[in-house]
Amino acid sequence: MKTITKATLVGLATTILAHTATAEEISVGLLLPYSGVYAALGNEIDAGFQLGLETFGGETDATFKVVREDTEVTPGVGLGKARKLILQDKVDVIAGVVSSGVLAAVRDVVDGAKVPLIVANAGNDEATGESCSPYIIRMSFSNMQVNRPMGRWMFDQGIKKVYTLAPDYAAGHQMIDAFAASYTASGGEVVGQAYTPFQKTEDFGPFLAEAKASGADAVYVFYAGGEAISFVKQYDSFGLKADLPLFGSGFLTSPLYVKAEGPAAEGVITALHYVPTLDNAPNAAFVTAFEAANGHLPSEFAVQGYDSARALIEAVKSGATDAETIAAALPKVTFDGPRGALSIDAATNNVVQPIYVYETVAGDNGLTQKVLATLPAEADPANGCVMK
Ligand code: PHB
Numbered sequence: 018m019k020t021i022t023k024a025t026l027v028g029l030a031t032t033i034l035a036h037t038a039t040a041e042e043i044s045v046g047l048l049l050p051y052s053g054v055y056a057a058l059g060n061e062i063d064a065g066f067q068l069g070l071e072t073f074g075g076e077t078d079a080t081f082k083v084v085r086e087d088t089e090v091t092p093g094v095g096l097g098k099a100r101k102l103i104l105q106d107k108v109d110v111i112a113g114v115v116s117s118g119v120l121a122a123v124r125d126v127v128d129g130a131k132v133p134l135i136v137a138n139a140g141n142d143e144a145t146g147e148s149c150s151p152y153i154i155r156m157s158f159s160n161m162q163v164n165r166p167m168g169r170w171m172f173d174q175g176i177k178k179v180y181t182l183a184p185d186y187a188a189g190h191q192m193i194d195a196f197a198a199s200y201t202a203s204g205g206e207v208v209g210q211a212y213t214p215f216q217k218t219e220d221f222g223p224f225l226a227e228a229k230a231s232g233a234d235a236v237y238v239f240y241a242g243g244e245a246i247s248f249v250k251q252y253d254s255f256g257l258k259a260d261l262p263l264f265g266s267g268f269l270t271s272p273l274y275v276k277a278e279g280p281a282a283e284g285v286i287t288a289l290h291y292v293p294t295l296d297n298a299p300n301a302a303f304v305t306a307f308e309a310a311n312g313h314l315p316s317e318f319a320v321q322g323y324d325s326a327r328a329l330i331e332a333v334k335s336g337a338t339d340a341e342t343i344a345a346a347l348p349k350v351t352f353d354g355p356r357g358a359l360s361i362d363a364a365t366n367n368v369v370q371p372i373y374v375y376e377t378v379a380g381d382n383g384l385t386q387k388v389l390a391t392l393p394a395e396a397d398p399a400n401g402c403v404m405k
């Protein structure tokens with residue numbers, strides 16, 4: 018970060034004036050679910066993105082025009098909206114996409130149009146694997162990245178047998194596959210698995226009965242948004258928590274909706290790339306600013322939006338002005354942000370970052386996240402990615 022002293026202010030004023038005449042306007046399409054089971058996630062990413070623009074936008078004389086479109090968490094709708102942003106609004110860059118299913122649907126259209134997509138959530142492994150593209154740069158996480166380390170960690174805690182559950186769509190399968198591969202490679206046994214109909218399951222009872230009867234030591238799941246709230250509450254009211262501890266990827270107990278889960282979430286152990294309780298200076302500044310603007314602590318979704326805006330601004334600061342130059346600059350962006358040191362793996366365009374295992378515990382102001390372990394950053398295998 019530049020330190021501005023009085024002595025440089027005069028020169029700076031001249032530079033700003035000289036630049037204003039030719040100030041670039043960067044047009045950004047925000048492609049997010051503003052309705053459906055992931056609506057809260059979309060709104061939170063949007064809030065983080067806006068804060069990122071406000072916080073870092075002054076570091077460049079470019080202006081950012083934002084056009085919003087709702088994917089409704091539906092691949093076909095997301096595809097139509099991506100086309101509209103590219104063809105009608107002629108955006109320079111798209112940011113967003115929450116569902117792995119929507120990311121798979123829009124992949125070819127952004128790649129073909131050569132309009133960069135900053136992925137601000139969807140963890141679809143293929144988008145930074147065999148379907149990778151120079152126009153897809155992920156600032157959030159990959160599904161394997163947040164689940165693989167938990168396989169080893171749980172086995173090391175003495176948990177020998179697990180039962181897994183997740184919604185039946187791309188992210189559910191990829192998250193569980195990554196966990197199961199590292200858990201079994203470490204010596205653990207997956208004694209049973211089920212996938213629940215995505216966006217349609219209201220009663221998890223029959224699945225919980227199977228988990229209980231499976232002989233597992235613990236249950237490992239992926240659920241997010243509205244489904245996470247119902248799942249965590251039903252797991253607790255079924256009386257399973259004491260005998261069959263609940264683990265998962267950390268979206269399960271996201272600070273975004275853990276309040277709605279209430280005491281049912283206490284004691285659940287999960288892993289993520291960000292929790293608001295991380296002790297570092299960029300996070301302290303982010304938490305204060307986000308809470309002041311939005312009235313609640315930021316979640317992983319907020320930081321993904323914030324860092325996506327910051328990455329775009331860094332690309333523009335390095336001289337990028339349009340789709341082609343933004344796409345080329347984004348993979349080179351690195352910074353120390355609220356989640357720690359962050360860079361993009363040039364082999365896949367996926368973000369590289371540490372993973373935090375955390376327990377949801379009762380704190381002075383309600384439920385909070387107690388970090389149990391910091392698992393070192395590791396880049397995903399290339400998974401067939403050939404960048405061209
Ligand atoms: C995904 O579909 O990739 C996805 C959705 C919600 C999450 C995480 C991943 O919280």
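Just so we're aligned: 405 in our numbering is position 388 of the sequence shown, and the numbers increase by one with no gaps anywhere.
Note that the Cβ used here is the ideal one computed from N, Cα and C, for glycine as well.
Contact set for residue i: own chain, Cβ-Cβ below 7 Å, skip 5 residues either direction
i, result
"K229", "L257, L261"
"N328", "Per the sequence shown, the amino acid found at residue 328 is Ala instead of Asn. If we look at A328 and ignore the five residues flanking it on each side, its Cβ neighbours are I135, M156, L347, V350."
"G46", "V84, E86, L102, D106, V108, I111"
"R169", "S199, S203"
"S410", "It is not possible to answer for residue 410, since the shown part of the chain is limited to 18 through 405."
"A130", "I103"
"T287", "F264, G265, S266, G267, L269, T270, Y375"
"V54", "V90, Q216, G242, G243, E244"
"A340", "D109, V110, K131, V132, P133"
Contacts around residue i, its chain only, beta-carbon distance under 6 Å, and the 5 residues preceding and following it disregarded
i, result
"V123", "G95, L96, A99"
"G69", "Y323, A326, R327"
"F73", "R327, I330"
"N311", "A64"
"V317", "A small correction: the amino acid at residue 317 is Glu; Val does not occupy that position in the sequence shown. Closer than 6 Å at the Cβ level, and outside the excluded window around E317, lie L289, Y291."
"E206", "K178"
Residue i classed as buried or exposed, judged by whether at least 16 other C-beta atoms fall within 10 angstroms
i, result
"Q386", "buried"
"A197", "buried"
"T305", "exposed"
"M404", "exposed"
"L389", "exposed"
"S116", "buried"
"V126", "buried"
"D142", "buried"
"T391", "exposed"
"D353", "exposed"
"S254", "exposed"
"E244", "buried"
"S44", "buried"
"A259", "exposed"
"A382", "Inspection of the sequence shows that residue 382 is occupied by Asn rather than by Ala. Exposed is the call here."
"T80", "exposed"
"D173", "exposed"
"D296", "exposed"
"P393", "exposed"
"E147", "exposed"
For residue i, the three-state DSSP class (helix, strand or coil)
i, result
"S325", "helix"
"A38", "Only weak support exists for where A38 lies, its pLDDT of 43 falling under 50; the coordinates are left without a value."
"D260", "coil"
"L49", "strand"
"S270", "For the record, residue 270 in the displayed sequence is Thr; it is not Ser. Reduced to three states, the DSSP call for T270 is helix."
"G383", "strand"
"L182", "strand"
"Y55", "coil"
"D353", "strand"
"E206", "strand"
"A137", "coil"
"E395", "coil"
"N366", "coil"
"V304", "helix"
"G189", "helix"
"Y291", "coil"
"I43", "strand"
Inter-residue spacing [alpha-carbon to alpha-carbon] between residue i and residue j
i, j, result
"A277", "Y200", "30 Å"
"A64", "V236", "33 Å"
"I176", "P166", "14 Å"
"Y375", "E41", "42 Å"
"G232", "F215", "26 Å"
"L263", "N138", "24 Å"
"Q67", "L314", "15 Å"
"T181", "I193", "7 Å"
"N119", "A211", "In the sequence under discussion, the amino acid at residue 119 is Val, which differs from the Asn named in the question. Distance between the alpha carbons of V119 and A211 is about 23 Å."
"G242", "G284", "19 Å"
"K334", "A358", "19 Å"
"Y51", "G93", "15 Å"
"T377", "A281", "10 Å"
"Y240", "S247", "9 Å"
"A298", "I372", "18 Å"
Residue i Cβ short of 7 Å to ligand 2 heavy atom set
i, result
"G140", "Summarising the ligand content, the structure contains ligand 1 and does not contain ligand 2."
Exercise for the section: Can you check the region 69-114 for any beta strand (DSSP E) of at least 3 residues that lies completely inside it and give the ranges in chain order? Expected result: 80-87, 110-113
Practice task
Pick out the complete beta strand (DSSP E) segments inside the region 209-247, 3 residues or longer, and give them in chain order.
Solution key: Runs found: 235-238.
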